[in-house]
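Participant:
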Amino acid sequence: MNEIRVFSPATVSNVACGFDVLGFPLESVGDEMVVRKTKAKGIVITKIEGFDLPFDINKNVASVSAMALLEVAKPEFGFEMEIYKKIKPGSGIGSSGASATGSVYAINELLGRPFNKLQLTEFAMKGEFIASKSEHADNIAPAIFGGFCLVKNLQPLNILQLPTPTDLYAIILHPQIEIKTSESRKILPKMVPLSDVTKQLSDLGGLIHGLHTENYDLIQDSLNDHIIEVHRSKLIPYFDIVKSKALNAGALGCSISGSGPSIFALTKGKDLAIEIELVFKLIYSKSNINFSTYVSKICSNGVLTI
Ligand code: HSE
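In our numbering, the protein residues as written are 90 to 395.
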């Protein structure tokens, strides 16, 4: 095989109570990439469509991740990549994670799969680092492994794949304002009250147990963020009204996707998800902010060949 086309999913990280450790991928939103072998060694980006991103291989997340892999694999040939960005950078649904994931997955396939998913996550994290200036795997791990993933440990990296209840749907509201992950990390407090940590821990435990037991009531009771949301939501116009309307309409939970500005809600079933998408649209269509919305099942596969 000399050429491959891949779909690399958008992801919702943090998922309310799991800051930096929990995430899930979306089935119907993601980037596409074409990667092919070249005689010349190294990486070249030949095309980027969708958004204005650097062709400089030291600045593009996809090529930085790929180079981390090539440094270990040392093949006698190189690769060129075409990137079809569908996920807006700075949207909060894992745009950089999708680029980083797509390139390492594609090259690994073209090399005959010398690396496992954990190793691919480590390579992709090198790319994610240049975008967000922080080492976190809560977008990349779900994009690579599929389904809900818990980042149990960063060093050594340990990813736990959690069960994903079949009726779970995600609704995304993406206000078209840019919030850089690096900036929205800077506004977070360095110290937090112990009582908030206690509540967050019990909600994270509750959510994970709810996923294992397909207990939607427990999932609903656990989708709370006592630590991060209060700070970051100030950067997202109409966050409070969007959240309260989503919860009143029956969402299991509603919070910030990753570092924002996207907002996500989860529902049991597609019909309610579509209703909540309408609620989101109604609120934002009254503002002067451009936005997009998505309804998606949780992607159980992660990145894949198309
Ligand atoms: N967990 C990271 C954060 C995700 O919230 O900063 C950023 O995409």
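Quick reminder that beta carbons are idealized off the backbone N, C-alpha and C, glycines included.
Please read these numbers as outputs of a predicted model, since none were measured by experiment.
Span of the alpha helix (DSSP H) holding Val331?
Facilitator: Segment Phe328 to Asn337, the alpha helix (DSSP H) holding Val331.
Participant: Note the first and the last residue of the continuous alpha helix (DSSP H) segment covering Pro114.
Facilitator: That residue, Pro114, is in no alpha helix (DSSP H); its beta strand (DSSP E) goes Leu111 to Thr127.
Participant: Excluding sequence positions up to five away, which residues of its chain have a Cβ less than 7 Å from the Cβ of Gly235?
Facilitator: Closer than 7 Å at the Cβ level, and outside the excluded window around Gly235, lie Pro114, Cys388, Ser389, Asn390 and Gly391.
Participant: Below 8 Å on the Cβ atoms is my guess for Ala162 versus Leu200; work out the distance and round it to an integer in Å.
Facilitator: Their Cβ separation, rounded to whole angstroms, is 6 Å, which keeps Ala162 and Leu200 in contact under 8 Å.
Participant: How do the stretch 361-375 and the stretch 268-280 stand: do at least 3 beta-carbon pairs fall below 8 Å, yes or no?
Facilitator: No, they do not touch.
Participant: Per the DSSP calculation, Cys388 is bridged to which residue(s)?
Facilitator: Looking at the DSSP assignment, Cys388 forms no beta bridge with any residue, so it has no partner.
Participant: With 16 as the cutoff for other CB atoms within 10 Å, does Leu355 come out buried or exposed?
Facilitator: Classification of Leu355: buried, given that the 10 Å Cβ count is 16 or more.
Participant: Ordered along the chain, which non-local residues of its own chain (more than five positions away) have a Cβ less than 6 Å from that of Asn228?
Facilitator: Same-chain partners within the cutoff: Thr100, Ser102, Gly112, Gly183 and Gly186.
Participant: Under 7 Å from any heavy atom of the ligand HSE, does the C-beta of Arg202 make it?
Facilitator: Not under cutoff, so the answer is no.
Participant: Between Lys269 and the rest of its own chain, which residues show a CB-CB distance below 7 Å, the 5 nearest in sequence each way excluded?
Facilitator: Gly179, listed in sequence order.
Participant: Would you mind reading off the limits of the beta strand (DSSP E) that contains Gly186?
Facilitator: Counting along the chain, Gly186 falls outside any beta strand (DSSP E), though it belongs to the alpha helix (DSSP H) covering Ser184 to Leu199.
Participant: Quick check: what's the CA-CA separation for Ser348 versus Ile219?
Facilitator: Going by the C-alpha atoms only, they are around 16 Å apart.
Participant: Is the beta carbon of Val110 sitting closer than 8 Å to the one on Leu239?
Facilitator: Contact: yes.
Participant: Do His315 and the ligand HSE come close, with the Cβ less than 7 Å from some heavy atom?
Facilitator: No, Cβ of His315 sits at least 7 Å from all heavy atoms of the ligand HSE.
Participant: With DSSP collapsed to three states, give me the class of Gln250.
Facilitator: Strand.
Participant: Between the stretch 245-256 and the stretch 331-349, are three or more C-beta pairs nearer than 8 Å?
Facilitator: Verdict: no, contact absent.
Participant: Does DSSP classify Ile261 as helix, strand or coil?
Facilitator: It is a strand residue.
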